[in-house]
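Enquirer:
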Amino acid sequence: MAEKTENVVDLLRSQHEEIRRLASIVDENSGKVRQDAFEKLRHLLAVHETAEEEVVHPFARRALGDGAKVIDARLQEENEAKGVLSRLEKLDRDSPEFTALFSEFHKDLEAHASHEEREEFPRLAKEATPEQMRGMAAAVRAAEAVAPTHPHQGTESPLKNLAVGPLAAVADRARDAIRKARH
């Protein structure tokens with residue numbers, strides 16, 4: 001029932017809060033707690049950004065008067081974040097290099113979420129009809145269900161996500177299953 005009345009802005013804000021919570025756990029802990037929180041954060045960021053790139057940003061690009069400017073800035077941030085997230089995945093979670101890089105990543109992540117929440121979401125809510133807002137929420141959930149679970153830098157457009165996303169998603173989900181089976 002909740003999904004029928006859910007709108008895309010509420011959904012994305014809720015995910016931003018979970019992203020903030022997980023990033024704080026990673027920042028403030030070590031060992032297994034940090035590892036587990038980082039894995040959840042990485043997965044959530046990968047599917048969240050893919051869904052925004054496929055559903056939300058294209059709508060905002062069309063609906064907002066300066067949509068191209070607003071969305072291009074967000075896509076640049078997302079591209080950079082994917083690169084850093086990929087680097088973080090390769091590091092020992094308790095290494096000083098991980099700790100320093102994650103601390104900077106956390107700040108950039110917060111800035112990106114704040115930009116979306118200030119510059120995109122309120123305007124999106126104003127321009128979209130309630131039906132469009134609910135439809136986008138459903139589309140975001142569907143996109144997340146089949147999205148890659150690891151960052152793939154350079155896929156920040158709907159076309160690139162559609163071309164690369166399905167194969168990357170299968171590979172990512174297989175890799176996740178193998179890793180889970182080994183641990």
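UniProt numbering applies: residue 1 is where the sequence shown begins, and numbers increase by one.
Each residue gets a CB set at the ideal place from its N, CA and C atoms; glycine is no exception.
(1) Counting along the chain, where does the alpha helix (DSSP H) carrying K126 start and finish?
(2) Please report the distance separating the alpha-carbon of E17 from that of V9.
(3) Using a 10 Å radius around the Cβ and a threshold of 16 neighbouring Cβ atoms, would you call V26 buried or exposed?
(4) Among H106, A137 and V140, which residue has its Cα nearest to the Cα of R21?
(5) Quick one: residues in its chain with C-beta nearer than 8 Å to the C-beta of I19, no 5 flanking neighbours on either side, listed in chain order?
(6) Contact check, residue 189 vs A143 under 8 Å by CB: the rounded distance?
(7) Quick one: residues in its chain with C-beta nearer than 6 Å to the C-beta of L91, no 5 flanking neighbours on either side, listed in chain order?
(8) Using three-state DSSP, classify N79 as helix, strand or coil.
(9) Going along the chain, which residues of its own chain have a beta-carbon closer than 8 Å to the beta-carbon of V140, five neighbours each way excluded?
(10) So, are the CB atoms of Q35 and R93 less than 7 Å apart?
(11) Using DSSP with H/G/I as helix, E/B as strand and the rest coil, what is P148?
(12) DSSP on S30, reduced to helix/strand/coil?
(13) Using three-state DSSP, classify G65 as helix, strand or coil.
(14) Between which residues of its own chain and E117 is the CB-CB distance below 8 Å, once the five residues before and five after are set aside?
(15) Excluding the 5 residues flanking L64 on each side, which residues of the same chain have their C-beta closer than 7 Å to its C-beta?
(16) For D92, which three-state DSSP category applies?
(17) So for E6, helix, strand or coil by DSSP?
(18) Do A137 and E39 count as a contact pair if the criterion is CB distance below 7 Å?
Expert: From the atom records:
(1) Walking along the sequence shown from the start, residue 126 turns up at place 126. From DSSP, the alpha helix (DSSP H) with K126 extends over F121 to E127.
(2) Stepping through the sequence shown from its first residue, residue 17 is reached at position 17. Stepping through the sequence shown from its first residue, residue 9 is reached at position 9. Using only the alpha carbons, I get a separation of about 12 Å.
(3) Reading the sequence shown from its first residue, position 26 is the one you call residue 26. Per the 10 Å Cβ criterion, buried.
(4) The residue given as residue 21 occupies position 21 in the sequence shown. Closest by alpha carbon: H106.
(5) Here residue 19 refers to the residue found at position 19 when the sequence shown is read from its first residue. Closer than 8 Å at Cβ, skipping near neighbours: L41, L44, L45, H48, L109 and A113.
(6) Only positions 1 to 183 of the chain appear in this structure, which leaves residue 189 out of reach.
(7) Taking the sequence shown and counting its residues from 1, the one referred to as residue 91 is at position 91. Same-chain partners within the cutoff: E97 and F98.
(8) Here residue 79 corresponds to residue number 79 of the sequence shown, with the count starting at 1. Helix.
(9) For the purposes of this step, residue 140 is taken as residue 140 along the sequence shown, with counting starting at 1. Excluding sequence neighbours, V140 sits near V8, L11, L12, A51, E52, V55 and V56.
(10) Numbered from 1 along the sequence shown, position 35 holds the residue referred to as residue 35. Numbered from 1 along the sequence shown, position 93 holds the residue referred to as residue 93. Closer than 7 Å, so yes.
(11) Along the sequence shown, read from residue 1 onward, the residue named residue 148 stands at position 148. Coil.
(12) Your numbering for residue 30 matches position 30 in the sequence shown. Correct three-state label for S30: coil.
(13) Reading the sequence shown from its first residue, position 65 is the one you call residue 65. Note: G65 maps to coil in three-state DSSP.
(14) Here residue 117 refers to the residue found at position 117 when the sequence shown is read from its first residue. Answer for E117: R13 and H16, listed in chain order.
(15) The residue you call residue 64 lines up with position 64 of the sequence shown. Closer than 7 Å at Cβ, skipping near neighbours: V70, R123 and E127.
(16) The residue you call residue 92 lines up with position 92 of the sequence shown. Note: D92 maps to coil in three-state DSSP.
(17) Locating residue 6 in the sequence shown gives position 6, where the first residue counts as 1. Of the three classes helix, strand and coil, the one that applies to E6 here is coil, per DSSP.
(18) Within the sequence shown, residue 39 is the residue found at index 39, counting from 1. Within the sequence shown, residue 137 is the residue found at index 137, counting from 1. Result no, Cβ atoms of E39 and A137 do not sit closer than 7 Å.
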